[in-house]
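For reference, the structure is listed below as structure tokens.
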Amino acid sequence: MHPSLFNIMNQILTIEPWKEDNSLMFLTDGLKTEMRTGCSYCAFENGIKFLEWKKKLETFHTVFQVEFMELKEAIIRASQWNEITKIWTDSLSSVMAVLDLLTPHQFVRDIQSLLT
């Protein structure tokens with residue numbers, strides 16, 4: 001996709017403070033230790049958790065890969081509903097990578113494609 005057609009700035013905010021509201025919200029989290037690696041998200045509507053997803057990964061995955069796997073899965077699931085959805089992540093590096101239209105990382109480009 002040509003960068004001029006990719007309006008990611010309308011899709012991602014990095015300054016909105018956390019507040020619980022009536023919108024559909026996903027919270028993502030990843031874990032990487034010497035013993036285990038995994039990622040997850042929870043979905044909330046009207047402040048009530050209605051969906052939880054977890055995936056155990058091999059320990060060779062990097063933290064960067066883990067953060068993108070959870071973000072990608074949350075975006076895919078959120079796109080199934082026809083409403084504005086907020087996805088909260090604690091990974092600013094992942095958000096910044098998605099904003100980079102010249103990224104060499106395929107998994108980042110996959111997320112960019114999902115957001116267009």
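Oh and the sequence shown: position 112 is 112 in our numbering, straight run, nothing missing.
Built from N, CA and C at the ideal position, the CB exists for glycine as well.
Treat the numbers as computed from the prediction; the structure is a model and nothing was measured.
Contact check for PHE26 against LYS72 fails: the beta carbons are separated by 8 Å or more. From the listed residues LEU31, LEU24, SER23 and THR116, the smallest Cα separation to MET69 is found for LEU31. In the DSSP assignment, SER91 falls outside any alpha helix (DSSP H) and carries neither an H nor an E.
Contact check between the stretch 36–49 and the stretch 93–111: fewer than three CB pairs, one atom from each, fall below 8 Å, which does not count as touching.
When the alpha-carbon of GLU52 is set against those of THR59, CYS39 and ARG109, the nearest one is in CYS39.
In this chain, the alpha helix (DSSP H) harbouring SER113 covers 106–115.
Looking at the DSSP output, ILE48 bridges to GLU45.
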